[in-house]
Amino acid sequence: MWDRIKDQAKGLQQQSQGARGSGGHGPGSGSGSRSGSGSSSKAQLVGVLKSQLTSLKTELKSGAYRDASMAMCALVAAADGSVDPAERQHVESLILQNDVLQNFPPDQLRQRFNKHVDQLSFNFQQGKTEAMQEIAKAAKKPAEAKAVVQTGFVVAGADGYIAPAEEQVLREACAALGVSPQEFGL
């Protein structure tokens with residue numbers, strides 16, 4: 001399954017590079033190896049999604065993308081129904097280290113992420129509804145909508161494993177954004 005996802009991610013990357021008229025980076029730059037191991041394939045997919053996001057950095061500066069991404073990250077962190085302080089701290093550090101999210105002041109990111117995590121911790125269903133409403137606001141721009149899912153995928157896969165509950169919230173976010181979950185192998 002991960003080989004199929006990896007191939008789809010490669011196709012997406014090549015499409016985005018072609019559409020953007022990418023300069024001196026050939027399509028085979030370092031991503032041609034095939035691996036039989038599921039975790040390294042997953043790591044490769046996360047790497048591909050991360051580089052796709054980075055290539056769109058200059059376009060991902062809207063408040064809608066920022067807010068939807070923070071809601072997505074909070075949903076991924078709380079996908080199993082709870083967020084312990086260590087997990088909150090870990091996801092927050094992933095957010096602050098994310099190249100694309102550095103377009104925004106760290107305090108804005110922290111405040112929005114923690115607001116959603118607090119809501120999810122207090123009342124998961126209501127917090128999830130509010131987070132999905134925030135995510136859906138990014139649906140107006142297809143590139144931003146996909147980038148929100150990519151951001152969630154990168155955060156979910158940072159530990160080398162994407163839990164079934166995380167996959168479920170990513171699928172639901174795809175539905176809210178009008179993005180095909182098949183593009184991400186979900």
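For the sequence shown, full-length UniProt numbering assigns the number 1 to the initial residue and increments by one for each residue that follows. Don't be surprised by glycine CBs; every beta carbon is placed ideally from N, CA and C.
Just how far apart, CA to CA, sit Gly28 and Asn123? With a pLDDT of 37 at Gly28, under the threshold of 50, the modelled position of that residue is not reliable, and no figure is offered here.
Any contact of the region 107 to 126 with the region 68 to 81, i.e. 3+ C-beta pairs under 8 Å? yes
Rounded to the nearest angstrom, how far is the Cβ of Ala163 from that of Met132, given a contact under 8 Å? No, Ala163 and Met132 are not in contact; Cβ-Cβ is about 19 Å, not under 8 Å.
Tell me which residues share the same chain as Val117 and place their Cβ nearer than 7 Å to its Cβ, disregarding the 5 neighbours each side in the sequence. Ala74, Ala77, Ala78, Val83 and Arg88
Would the region 166 to 182 count as touching the region 125 to 141 if we require 3 or more Cβ pairs under 8 Å? yes
If Gln126 sits next to Gln119, beta carbons under 8 Å apart, how far is it from one beta carbon to the other, in whole angstroms? 7 Å
So, with DSSP's three-state summary, where would you put Lys61? coil
Which parts of the UniProt domain "Co-chaperone DjlA N-terminal" (67 to 184) are runs of the beta strand (DSSP E), unbroken and 3 residues or longer, counting only runs that do not cross its ends? none
Determine the direct distance from the alpha carbon of Leu60 to that of Asp99, and round the result to whole angstroms. 11 Å
Tell me whether Leu96 is buried or exposed, calling it buried when 16 or more other Cβ atoms sit within 10 Å of its Cβ. exposed
By Cβ distance below 7 Å, which residues in the same chain neighbour Ala165 in space, the five residues on each side in sequence not counted? Ala79 and Asp80
Length of the line joining the Cα atoms of Glu144 and Tyr161: 24 Å
Label Lys151 either buried or exposed according to how many other C-beta atoms from any shown protein chain fall within 10 Å of its C-beta, with 16 as the threshold for buried. Checking the sequence, you will find Thr at residue 151 rather than Lys. That one is buried.
From Val155 to Arg171, what does the alpha carbon distance come to, in whole angstroms? 15 Å
Could you tell me if Ser93 is buried or exposed, where buried requires 16 or more neighbouring beta carbons within 10 angstroms of its beta carbon? exposed
Looking only at its chain, what residues have a beta carbon closer than 7 Å to the beta carbon of Tyr65, apart from the 5 residues adjacent to it on each side? Ala138, Glu144, Ala147 and Val148
Since Leu101 and Ser121 are thought to touch, with beta carbons under 8 Å apart, how far apart are those beta carbons, to the nearest angstrom? That belief does not hold up - the Cβ atoms of Leu101 and Ser121 are roughly 22 Å apart, past 8 Å.
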